[in-house]
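*Asks:*
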Amino acid sequence: MPLFDVYPLYNVTPVSGKDILVYDDEGTEYLDLYGGHAVISIGHAHPNYVDAITNQVNTLGFYSNAIQNPLQKQLADKLEALSGCKDYELFLCNSGAEANENALKLASFKTGKKRVVAFSKGFHGRTSAAVAATDNKNIIAPINAQQAVTILPLNDVEGVKAELEKGDVCAVIVEFIQGIGGLDQGTVEFFEQVDKLCKANNTMFIADEIQCGYGRSGKFFAFQHYNVTPDIISMAKGMGNGFPIGGILIHPDIEAKYGMLGTTFGGNHLACAAGLAVLNTIEEENLIENTNIISEYFVEKAKTIPQIKNIKGRGLMLGLEFDFEVGDLRKKLIYDEHIFTGGAANKKLLRILPPLTIKKEHVDQFFETLKKVLEEIQETV
Ligand SMILES: Cc1ncc(COP(=O)(O)O)c(C=O)c1O
Numbered sequence: 001m002p003l004f005d006v007y008p009l010y011n012v013t014p015v016s017g018k019d020i021l022v023y024d025d026e027g028t029e030y031l032d033l034y035g036g037h038a039v040i041s042i043g044h045a046h047p048n049y050v051d052a053i054t055n056q057v058n059t060l061g062f063y064s065n066a067i068q069n070p071l072q073k074q075l076a077d078k079l080e081a082l083s084g085c086k087d088y089e090l091f092l093c094n095s096g097a098e099a100n101e102n103a104l105k106l107a108s109f110k111t112g113k114k115r116v117v118a119f120s121k122g123f124h125g126r127t128s129a130a131v132a133a134t135d136n137k138n139i140i141a142p143i144n145a146q147q148a149v150t151i152l153p154l155n156d157v158e159g160v161k162a163e164l165e166k167g168d169v170c171a172v173i174v175e176f177i178q179g180i181g182g183l184d185q186g187t188v189e190f191f192e193q194v195d196k197l198c199k200a201n202n203t204m205f206i207a208d209e210i211q212c213g214y215g216r217s218g219k220f221f222a223f224q225h226y227n228v229t230p231d232i233i234s235m236a237k238g239m240g241n242g243f244p245i246g247g248i249l250i251h252p253d254i255e256a257k258y259g260m261l262g263t264t265f266g267g268n269h270l271a272c273a274a275g276l277a278v279l280n281t282i283e284e285e286n287l288i289e290n291t292n293i294i295s296e297y298f299v300e301k302a303k304t305i306p307q308i309k310n311i312k313g314r315g316l317m318l319g320l321e322f323d324f325e326v327g328d329l330r331k332k333l334i335y336d337e338h339i340f341t342g343g344a345a346n347k348k349l350l351r352i353l354p355p356l357t358i359k360k361e362h363v364d365q366f367f368e369t370l371k372k373v374l375e376e377i378q379e380t381v
């Protein structure tokens, strides 16, 4: 049976991984500066992670959400301690789109309203309301287009004010660092004004931290670089280091009612074991501190490369902008030099999303290779 062909694939078959390295089916070693799309937070096959999942599956892999599962509370407590998000409540699900779907649904339940404000080049997932709030017409089917969504330019404070004052907006959803859109960030003034406008207009402020959260920005959540208090924070990717887990943190102003949200798989024993191993490792190995140290080192090195015209993003969610499209550069890096990097909607941007365990020697290896490849590309022009 053929696979439904929705992904353009690189012809590489990784079969194993160790920390920041992955190995293909021919034993070739790759440096992973893509982290399986910002998912690998604590490194491939981290022993804490392998042990936690192995022990859990040997004991109890799954039961339903109709019974007590103390692992969920352990995860919630650890998340509160590490993120500093005191007083929020946790709802667990399985993916990023699902997290945003639940966040938008809660915002609508809470406010009784249904229109959403989202931003240009934003991405929030591929399901019903999440995809409608995504600025990409190609992935919005007619069934999704019935959702009431207004897309505004990032930093358009006046636009947000005008929309919220109409009184029908349940949520403003924003990535504090845009992912696939190309690493753009709103200004401090923008984020802080949007926070205030939401509070003044009974609109829920949703921080989509699915990609930029879990330490990747250099703080636990990217919104913590600003003086804002989101009503709902959505998480996934780095949360499980590859094990499918997502979740939302919900401000206590939003009151839970039985049946309001629900899921079969969300918060299952295996997912919680994976999630706990990730948080314990972030703490034990000071991975947020490492993110800041390596980020600074990376940016300094990037500044010495004349072909790099702009450095975007924060922490270990960085974009290197060139004055040419980087498709061929990425191919050369993967096939000839065995380094994974990411792309973005902005075709001139190379995205860097490594595991947060990355060390200076990997950054050195990347820049030595990049210089060489850029010279080769120049010679062929
Ligand atoms: C910011 C953001 N939100 C939501 C999603 C959707 O997550 P998932 O693919 O797990 O549904 C993504 C995935 O790339 C993302 O980057």
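Read in order, the letters of the sequence shown are residues 1 to 381 in the UniProt record's numbering. Glycine included, each C-beta is placed from N, C-alpha and C at the ideal position. What you are looking at is a predicted structure, and each value in this text was computed from that prediction instead of being measured.
Do you know offhand how far I334's Cα is from K372's?
*Replies:* 14 angstroms
*Asks:* Measure the CB-CB distance between T86 and L276 and report whether it falls below 8 angstroms.
*Replies:* With the sequence shown as reference, residue 86 is identified as Lys, and Thr is not the correct amino acid for it. No, they are not a contact pair.
*Asks:* Go ahead and pull the three-state DSSP assignment for I293.
*Replies:* helix
*Asks:* Following the continuous alpha helix (DSSP H) through A103, name the residue where it begins and the one where it ends.
*Replies:* G96 to T111
*Asks:* Once DSSP output is grouped into helix, strand and coil, what is the label at residue 419?
*Replies:* No answer is possible for residue 419: it lies beyond the span of the chain, which begins at 1 and ends at 381.
*Asks:* Within this structure, are the beta carbons of I308 and L318 separated by less than 8 angstroms?
*Replies:* no
*Asks:* From I53 to T134, what does the alpha carbon distance come to, in whole angstroms?
*Replies:* 34 angstroms
*Asks:* Spatial neighbours of D231 within its chain, please: C-beta separation below 6 angstroms, excluding the five flanking residues on both sides.
*Replies:* Beyond the five residues adjoining it in sequence on each side, D231 comes within less than 6 angstroms, by CB distance, of M204, F205 and H251 in the same chain, given in chain order.
*Asks:* Look at the alpha carbon of G122 and the alpha carbon of K110, and state the distance between them as a whole number of angstroms.
*Replies:* Whole-angstrom Cα-Cα distance: 24 angstroms.
*Asks:* Pick helix, strand or coil for G259, following the three-state DSSP scheme.
*Replies:* coil
*Asks:* Residues in its own chain within less than 6 angstroms of A38 by CB, not counting five upstream and five downstream?
*Replies:* For A38, same chain residues with a beta-carbon under 6 angstroms away, outside a window of 5 residues either side, are Q211, K237 and L353 in chain order.
*Asks:* For residue 410, count the other beta carbons within 10 Å of its own beta carbon; 16 or more makes it buried, fewer makes it exposed. Which is it?
*Replies:* Absent from the structure is residue 410, since the part of the chain shown begins at 1 and ends at 381.
*Asks:* Quick one: give me the first and last residue of the alpha helix (DSSP H) that N280 is part of.
*Replies:* H269 to E284
*Asks:* Y88: which of I151, A76, S95 and A97 sits nearest, CA to CA?
*Replies:* A76
*Asks:* Tell me D24's beta-bridge partners as DSSP assigns them.
*Replies:* P14, per the DSSP bridge assignment.
*Asks:* Is the closest heavy atom of ligand 1 to the C-beta of G267 under 7 angstroms?
*Replies:* Not one heavy atom of ligand 1 lies closer than 7 angstroms to the C-beta of G267.
*Asks:* How far does the alpha helix (DSSP H) with F119 in it extend, from its first residue to its last?
*Replies:* From DSSP, F119 is part of no alpha helix (DSSP H) but of the beta strand (DSSP E) over R115 to F119.
*Asks:* What do you get for G327, buried or exposed, if any count of 16 or more other CB atoms within 10 angstroms of its CB means buried?
*Replies:* exposed
*Asks:* Beta carbon of Q218: closer than 7 angstroms to some heavy atom of ligand 1?
*Replies:* The identity of residue 218 in the sequence shown is Gly, whereas the question assumes Gln. Because no heavy atom of ligand 1 lies under 7 angstroms away, the Cβ of G218 does not count as near it: no.
*Asks:* Any heavy atom of ligand 1 within a distance shorter than 7 angstroms of the CB on F123?
*Replies:* yes
*Asks:* Using 8 angstroms as the threshold, is the C-beta distance between N201 and L164 below it?
*Replies:* Their beta carbons are under 8 angstroms apart, which means N201 touches L164 by this criterion.
*Asks:* Below 8 angstroms CB to CB, which residues in the same chain sit around D51 once its five sequence neighbours on both sides are set aside?
*Replies:* A277
*Asks:* Compare the Cα-Cα distances from T263 to each of G247, I254, E255 and D253 and report the closest residue.
*Replies:* Closest by C-alpha distance to T263, out of G247, I254, E255 and D253, is G247.
*Asks:* Among the candidates P142, Q147, A145 and K199, whose CA atom is the shortest distance from the CA of V160?
*Replies:* K199
*Asks:* Could you give the C-beta distance for L71 and F119, rounded to a whole number, given that I count them as a contact under 8 angstroms?
*Replies:* With 8 angstroms as the limit, L71 and F119 do not qualify as a contact, their Cβ atoms being about 35 angstroms apart.
*Asks:* In or out: D25 buried (at least 16 other Cβ within 10 Å) or exposed?
*Replies:* Looking at its Cβ environment, which holds fewer than 16 other Cβ atoms inside 10 Å, D25 is exposed.
*Asks:* Start and end of the beta strand (DSSP E) containing V174?
*Replies:* It spans V169 to V174 - the beta strand (DSSP E) in which V174 sits, taken as one unbroken run.
*Asks:* Report the CB separation of I288 from G240 in whole angstroms; it is logged as a contact under 8 angstroms.
*Replies:* 17 angstroms between Cβ atoms; not a contact.
*Asks:* Excluding the 5 residues flanking D208 on each side, which residues of the same chain have their C-beta closer than 7 angstroms to its C-beta?
*Replies:* N100, H124, I173, V174, E175 and S234
*Asks:* Quick check: is any heavy atom of ligand 1 less than 7 angstroms from the C-beta of D208?
*Replies:* yes
*Asks:* My output table needs one value for F91: the three-state DSSP class, helix, strand or coil.
*Replies:* Of the three classes helix, strand and coil, the one that applies to F91 here is strand, per DSSP.
*Asks:* Which same chain residues end up closer than 8 angstroms to E192 when comparing Cβ atoms and leaving out the 5 residues on each side of it in sequence?
*Replies:* Y226, N227 and V228
*Asks:* Quick one: what does DSSP say D195 is sitting in, helix, strand or coil?
*Replies:* helix
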